[in-house]
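In order, the protein sequences belong to chains A and B. The opening position of the first sequence corresponds to residue 1 in the UniProt record's numbering, with each subsequent residue numbered one higher. The opening position of the second sequence corresponds to residue 1 in the UniProt record's numbering, with each subsequent residue numbered one higher.
2 protein chains.
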Amino acid sequence: MADTGSVDVSGVRLRTVEHHLDEILGAVPTPEPIELAVLDAQGLLCAELVTSERALPSFDQAGLDGYAVRSADVATATVETPVALHVVGESAAGSGDATAIGPGLAWKVAVGAMMPVGADVVVPAAWTDQGLARVAVYAALAPGSYVRRIGDDVAPGDVAVQVGTPIGPAQISLLAAVGRERVAVRPRPRIAVLCAGDELVDVGRIAGPGQQVDVNSYALAAAARDAGAEAYRAGIMPNDRRRMVELLEGQMLRSDVVLIAGTFANGGPDLLQEALAELGGLAFTQVAMHPGPVHAFGRLGPEGVPVICVPGEPVAALVAFEVFVRPAIRLMLGKRQLFRRTVQAVSAEQLLSPLGYRQYLHGQVMRHPDGGYVVEPIGDGDQAMLARMARANCLIVVDEDVTEVAAGGLVTVMPMLLGG
Amino acid sequence: MADTGSVDVSGVRLRTVEHHLDEILGAVPTPEPIELAVLDAQGLLCAELVTSERALPSFDQAGLDGYAVRSADVATATVETPVALHVVGESAAGSGDATAIGPGLAWKVAVGAMMPVGADVVVPAAWTDQGLARVAVYAALAPGSYVRRIGDDVAPGDVAVQVGTPIGPAQISLLAAVGRERVAVRPRPRIAVLCAGDELVDVGRIAGPGQQVDVNSYALAAAARDAGAEAYRAGIMPNDRRRMVELLEGQMLRSDVVLIAGTFANGGPDLLQEALAELGGLAFTQVAMHPGPVHAFGRLGPEGVPVICVPGEPVAALVAFEVFVRPAIRLMLGKRQLFRRTVQAVSAEQLLSPLGYRQYLHGQVMRHPDGGYVVEPIGDGDQAMLARMARANCLIVVDEDVTEVAAGGLVTVMPMLLGG
Chain A
1 MADTGSVDVS GVRLRTVEHH LDEILGAVPT PEPIELAVLD AQGLLCAELV TSERALPSFD
61 QAGLDGYAVR SADVATATVE TPVALHVVGE SAAGSGDATA IGPGLAWKVA VGAMMPVGAD
121 VVVPAAWTDQ GLARVAVYAA LAPGSYVRRI GDDVAPGDVA VQVGTPIGPA QISLLAAVGR
181 ERVAVRPRPR IAVLCAGDEL VDVGRIAGPG QQVDVNSYAL AAAARDAGAE AYRAGIMPND
241 RRRMVELLEG QMLRSDVVLI AGTFANGGPD LLQEALAELG GLAFTQVAMH PGPVHAFGRL
301 GPEGVPVICV PGEPVAALVA FEVFVRPAIR LMLGKRQLFR RTVQAVSAEQ LLSPLGYRQY
361 LHGQVMRHPD GGYVVEPIGD GDQAMLARMA RANCLIVVDE DVTEVAAGGL VTVMPMLLGG
Chain B
1 MADTGSVDVS GVRLRTVEHH LDEILGAVPT PEPIELAVLD AQGLLCAELV TSERALPSFD
61 QAGLDGYAVR SADVATATVE TPVALHVVGE SAAGSGDATA IGPGLAWKVA VGAMMPVGAD
121 VVVPAAWTDQ GLARVAVYAA LAPGSYVRRI GDDVAPGDVA VQVGTPIGPA QISLLAAVGR
181 ERVAVRPRPR IAVLCAGDEL VDVGRIAGPG QQVDVNSYAL AAAARDAGAE AYRAGIMPND
241 RRRMVELLEG QMLRSDVVLI AGTFANGGPD LLQEALAELG GLAFTQVAMH PGPVHAFGRL
301 GPEGVPVICV PGEPVAALVA FEVFVRPAIR LMLGKRQLFR RTVQAVSAEQ LLSPLGYRQY
361 LHGQVMRHPD GGYVVEPIGD GDQAMLARMA RANCLIVVDE DVTEVAAGGL VTVMPMLLGG
């Protein structure tokens, strides 16, 4: 369908998943780069062009343990007709003494040791008799063999790490080698996680009749961390508009994004919607998705801090996180790949889905012995089944215009590996 | 070949990669489980059988917004012949008031609200005229429809999280729901990272002739964190045996594993080998691998703390980390999958490898448009090329008995995704 941003479903006007996602992705800020110690930069994206002021290696050195010699001296060497040279010295790695050899001479070198002036190859110890005063060389070598030349790896002025490169152990290795203790990176976005609802009580307490334990502030903070954010669990909203506004203002000051899970009254009086209105107001909309159609997004307060509201039902909250919040976090981190990789899988069972809604079902995806993937839904998408969700390893995505997938039919599956 | 633990290569007795790895994996400790706040448990493996003392849901509740009714009352309802019921009340989520309905009556309910006694289905609002005092119902429903029954998800005594389950957002959600603020997990192993060598200077300093910047303590600490360990960068070893022993003793007290990178003298005098001997002694051995054949492993001190020595050349150090240390960290974390997944890829170039040695080359692996993978080596495995390693996304593994892979031939490739 042409995406006009909304669809009619049984006479109700709903916002499409894409429209809501585009609004969020278009409004999240790009946090300013910060400078971190190289080890703390791990997993983040480089935000500066790091050029080297140094040459790597910084001097000509032996590439392995052996004998530094002149290649011309050993040009005729074979196992049958070895060439004998006088060993006139020995260097370990770390010695800065200037050394030199002339024709007919050899210098014993350890890997990493400075090459003596005059030598242009290192003969590996295994290709010699490993003599101490005199050494017999059994093979000829091309000039430069087993020598690491100054600047071979990085010349002064060369780019060491590009803008946008993810910093892993190999980049940290290179940054240290060019002498960098700190590096500018895209920071982890700071996300405050709140939940709203009269029915909520904190985890340590026993839920009375009609009450629910606050699950979402834990689960969403964990999901936000897993996606790369610095997440703060700010817990359950107070049941008072004044204090709600103060709490929100405080969180907006210290956060790049505020994430709120709640069961929002559909039209009726709602304390949180009143508090949000005081800060500028969010439009609550029905999004054409299952589970959990009630969503909201807006930028509030003088700084225009993005506030994302997701459904309060815990399964729907984590699905909404996957669909809307994780891509926003990855965008703020500067990642090119915002979305999880999807695969096509054969459905092991018939799947039913309401017309006009994009349905997300938890499932178990497995490799098929004949290649490809098979997926089994876990439980019933309509129900708030935490224990079932915890056994899932993927989301099954059934498009808006599909109402039935036959057993054996293909569906889109989004594997959800931790840390991925 | 039958793995006897060692191989002869050109008359030199070398230890196989498997033998060295088996020795390390057989000796690393299993850290005792610790109890953490659920959010801090993220990414770790559960170390207790968590059973629920509660029922989830803890009361019968509406599965969506609508009208709680008696299924018998609406058994004949259709769009053409709707059934009209009196709406006698309304409940939001969070209300603990006991309510009830009799025949011919309906109770308006929000998702999560307690079911009134007597009602056995919730009619979705969309299947009614959404009346306030009287509601017309357009469809019959099977008993139990859109009702979440007490204990449907988890009954008291049910297992919520099994021993060995990785704790992600869904598990944190479930742990919170069953009222757990803390959970026992396999802890992150603590790894001290040191480097040894007269040639080393700290990153902040300019390396003089023959000197090298300490790259390894940064890169290996980053790699250890990436693998899931809690890594401490203890830096460059002092150049004095007494202080070396003291530093090692201190690190052994606070660590599950001590990791040392260094260029170890092959037979000659070596301060670190003397210091290690004082603590019990490590056997330095040649392992049949490239790059970096000199390795050591042993358990030192009264507590028998595992000490792993890897080559000091930075590319070889990170390869050794992949081959020996990462699997050991994953074993300590309790992970079932110790090794990275490997794939077979078509080599874009001819690869040469020394007979008897398992060669690890950095490469760029890409998906082939026709399916499968293609890999290109980056640079020359013999050389210490940090800039090239930083561009790699995989290790190419060439087995001991292979000396040449033709362009177009298949090789084993180990993709190295961050955080994987």
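We treat Cβ as the ideally placed atom computed from N, Cα and C, and that holds for glycine. All of these numbers come straight from a predicted model, not from anything done at the bench.
Could you run through the region 161 to 187 of chain B and flag, in chain order, every residue whose CB is less than 9 Å away from some CB of chain A? Val161, Thr165, Pro166, Ile167, Gly168, Pro169, Ala170, Gln171, Ile172, Ser173, Leu174, Leu175, Ala176, Ala177, Val178, Gly179, Arg180 and Glu181
Beta-carbon proximity list for Ala92 (chain A), same chain, < 8 Å, skipping 5 on both sides: Ala110 and Ala113
Beta carbon proximity, Gln337 (chain A) to chain B, threshold 9 Å: no
Cβ of Tyr218 (chain A) within 9 Å of any chain B Cβ: yes
Just to confirm before moving on: does the CB-CB distance between Leu395 (chain B) and His362 (chain B) stay below 9 Å? yes
Where Phe321 (chain B) falls: helix, strand or coil (DSSP): helix
Looking at Val74 (chain B) and Ala133 (chain B), is the spacing between their C-beta atoms short of 9 Å? No; because the gap between Cβ atoms is not below 9 Å, this pair is not in contact.
For chain A, check one thing: does any of its Cβ atoms lie closer than 9 Å to the Cβ of Leu200 (chain B)? yes
Would you kindly work out how many angstroms separate the C-alpha atoms of Ala223 (chain B) and Thr263 (chain A), rounded to a whole number? 42 Å
Taking the alpha-carbon positions, what's the Ala184 (chain B) to Arg182 (chain A) distance? 36 Å
Taking C-beta to C-beta, are Glu349 (chain B) and Glu376 (chain B) nearer than 9 Å? yes
With respect to the beta strand (DSSP E) encompassing Val307 (chain B), which residues constitute its N-terminal and C-terminal limits? Val305 to Pro311
Within 9 Å of any Cβ in chain A, is that where the Cβ of Gly381 (chain B) sits? Low local confidence applies: a pLDDT of 49 at Gly381 (chain B) is under 50, so the model's placement there is unreliable, with the coordinate-based value given in what follows. Judged by the 9 Å Cβ criterion, Gly381 (chain B) is not in contact with chain A.
Pull up the CB-CB distance for Ile24 (chain A) and Phe339 (chain A), whole angstroms please, since I reckon it's below 8 Å. Their Cβ separation, rounded to whole angstroms, is 13 Å, which puts Ile24 (chain A) and Phe339 (chain A) out of contact at 8 Å.
Distance between Leu352 (chain B) and Thr403 (chain B) (C-alpha atoms, nearest Å): 6 Å
Nearest CA to the CA of Arg225 (chain B): which residue from B:Pro209, B:Leu248, B:Leu259 and B:Glu199? B:Leu259
For Thr51 (chain B), does the count of other Cβ atoms within 10 angstroms reach 16, so buried, or fall short, so exposed? By the C-beta density criterion, Thr51 (chain B) is exposed, having fewer than 16 other C-beta atoms within 10 angstroms.
Excluding the five sequence neighbours on either side, which residues of its own chain have a C-beta within less than 6 Å of the C-beta of Ala84 (chain B), listed in chain order? Arg134 and Ala136
Let me know if Gly96 (chain A) comes out buried or exposed under the rule of 16 or more other beta-carbons within 10 Å of its beta-carbon. exposed
Taking the alpha-carbon positions, what's the Ala275 (chain B) to Arg241 (chain B) distance? 6 Å
Rounded distance between the beta-carbons of Gly94 (chain B) and Gly197 (chain A), thought under 8 Å: 6 Å
Beta-carbon separation of Val159 (chain A) and Leu49 (chain A) under 9 Å? yes
When you compare only the Cα positions, how much space is there between Gly179 (chain A) and Lys335 (chain B)? 36 Å
Straight-line CA distance for Thr342 (chain B) to Asp153 (chain A)? 28 Å
Which one of B:Leu200, B:Leu333 and B:Ala283 has the shortest CA to CA distance from Cys309 (chain B)? B:Ala283
Could you pull out every unbroken alpha helix (DSSP H) segment of at least 4 residues lying fully inside the region 371 to 404 of chain B, listed in chain order? 386 to 391
List the residues of chain B whose Cβ lies closer than 7 Å to the Cβ of Asp73 (chain A), in chain order. Result: empty, since nearest Cβ-Cβ is about 22 Å, beyond 7 Å.
Contact with chain A by Glu349 (chain B), beta-carbon distance below 9 Å: It does not; no Cβ of chain A falls within 9 Å.
What is the DSSP secondary structure of Met1 (chain A), reduced to helix, strand or coil? Its pLDDT being 43, under 50, Met1 (chain A) is placed unreliably by the model, and nothing is read from it.
If you follow the alpha helix (DSSP H) that Gln350 (chain A) is part of, which residue opens it and which one closes it? No alpha helix (DSSP H) holds Gln350 (chain A); DSSP gives it neither H nor E.
On the premise that Leu331 (chain A) lies in contact with Gly164 (chain A), defined as a C-beta separation below 8 Å, what is that separation, rounded to the nearest angstrom? No, Gly164 (chain A) and Leu331 (chain A) are not in contact; Cβ-Cβ is about 13 Å, not under 8 Å.
Shortest alpha-carbon distance to residue 477 (chain B) belongs to which of B:Tyr67, B:Gln211, B:Ala100 and B:Ile167? Nothing can be reported for residue 477 (chain B): it is not among the residues displayed for chain B, which extend from 1 to 420.
Between the alpha carbons of Ala316 (chain A) and Arg148 (chain B), how many angstroms are there, rounded? 15 Å
With 16 as the cutoff for other CB atoms within 10 Å, does Gly104 (chain B) come out buried or exposed? exposed
What residues from the region 50 to 69 of chain A come within 7 Å of chain B, judged by C-beta to C-beta, listed N to C? Leu56, Ser58, Phe59, Gly63 and Asp65
Kindly identify the DSSP beta-bridge partner or partners of Ile260 (chain B). Its beta-bridge partners are B:Leu194 and B:Cys309.
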